[in-house]
Amino acid sequence: AFDFPNIKFQSTSIVVKENTLEIEGRIEFAGKEKEIKTDAKLISLDNNLFAIEGELNILLSEFEVERPSLLFVEIEDLVKIKYSIKGVQNE
Numbered sequence: 059a060f061d062f063p064n065i066k067f068q069s070t071s072i073v074v075k076e077n078t079l080e081i082e083g084r085i086e087f088a089g090k091e092k093e094i095k096t097d098a099k100l101i102s103l104d105n106n107l108f109a110i111e112g113e114l115n116i117l118l119s120e121f122e123v124e125r126p127s128l129l130f131v132e133i134e135d136l137v138k139i140k141y142s143i144k145g146v147q148n149e
């Protein structure tokens, strides 16, 4: 995992349901690509600003990444990626 510091995500579908986004897309990690689905919170802020917050869960084994060990303890297969995106709503 330390050899692959970057993860790329591209959405293919976003469905807005009140304050929730249902997001589908492709995640690329360690040279492998996978289709995923995730939910995110849509948060209204002041002055046409908004935030999107969520979490992606990936398994290193699904991307054929060898789990490194830290002080002889192997890192978990499940990696949680938390994200927060801020933007301005077009009028």
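When the letters of the sequence shown are read in order and numbered with the working numbering, they come out as residues 59 to 149. Glycine included, each C-beta is placed from N, C-alpha and C at the ideal position. Since we're looking at a predicted model, the values are computed, not measured.
Gln68 has Arg84 as its beta-bridge partners, per DSSP. Using a 10 angstroms sphere on the CB of Leu118, the tally of other CB atoms reaches 16 or more, which defines it as buried.
Where Ser142 is concerned, the enclosing beta strand (DSSP E) starts and stops at 136-146. Between Thr70 and Glu82, the C-beta gap is smaller than 8 Å, which places the two residues in contact.
Look at Phe108 here: in three-state DSSP terms it is strand.
In the structure shown, Leu103 adopts coil according to DSSP, grouped into three states.
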